[in-house]
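Following: one structure in structure tokens, then a few remarks.
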Amino acid sequence: MPKFMDVHSGFHGATEEQLREAHERDLAIEDAEGVHFERAWLDPDSGKVFCLSSGPSKEAVLRVHEKAGHPTTEIYELPIEVE
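Take 2 as the starting number for the sequence shown in my numbering and just add one per residue.
This is the structure we're talking about:
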């Protein structure tokens, strides 16, 4: 299943708890779109949040974020991965 990284702006000064709450809103509704949000990161100084997910399409990932209340237009498919 394809992996995606999306970027959200406007989270200046957000806390770990706020990030956790936003992530949990995604997790609560992800199944409806066949998406799984694996992890999220926050840089409160820049106001950026980064989310790693897998799912059938970019559009499916974006729909979950929109329904969860934190839409974004910046999303990247990650077709190449190394460990």
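Each residue gets a CB set at the ideal place from its N, CA and C atoms; glycine is no exception.
Could you pull the DSSP bridge partners for residue i from this structure?
i     : result
ARG40 : LEU53
MET2  : Partner(s): none; MET2 has no beta bridge.
VAL62 : Bridge partners of VAL62: none, in fact.
GLU78 : PHE5
Given a cut-off of 8 Å on the beta-carbon distance, is the pair residue i and residue j in contact?
i     : j     : result
GLY11 : GLY48 : yes
GLU75 : GLY56 : no
Can you give the beta carbon distance from residue i to residue j, rounded, assuming they're within the 8 Å contact cut?
i     : j     : result
THR73 : ASP27 : The pair is not a contact, with the Cβ atoms about 11 Å apart (cut-off 8 Å).
LEU20 : VAL50 : 7 Å
ALA15 : PRO45 : 5 Å
Spatial neighbours of residue i within its chain, please: C-beta separation below 6 Å, excluding the five flanking residues on both sides.
i     : result
ARG64 : GLU34
PRO86 : Lying before the first or after the last residue shown, residue 86 is absent from the chain, which here runs from 2 to 84.
Counting only the same chain and skipping the five closest in sequence on each side, list residues whose C-beta sits under 7 Å from that of residue i.
i     : result
ARG40 : LEU53
ILE30 : VAL65, LYS68 and ALA69
What residues in its chain sit with their C-beta under 8 Å from that of residue i, if we drop five residues either side in the sequence?
i     : result
SER58 : PRO3
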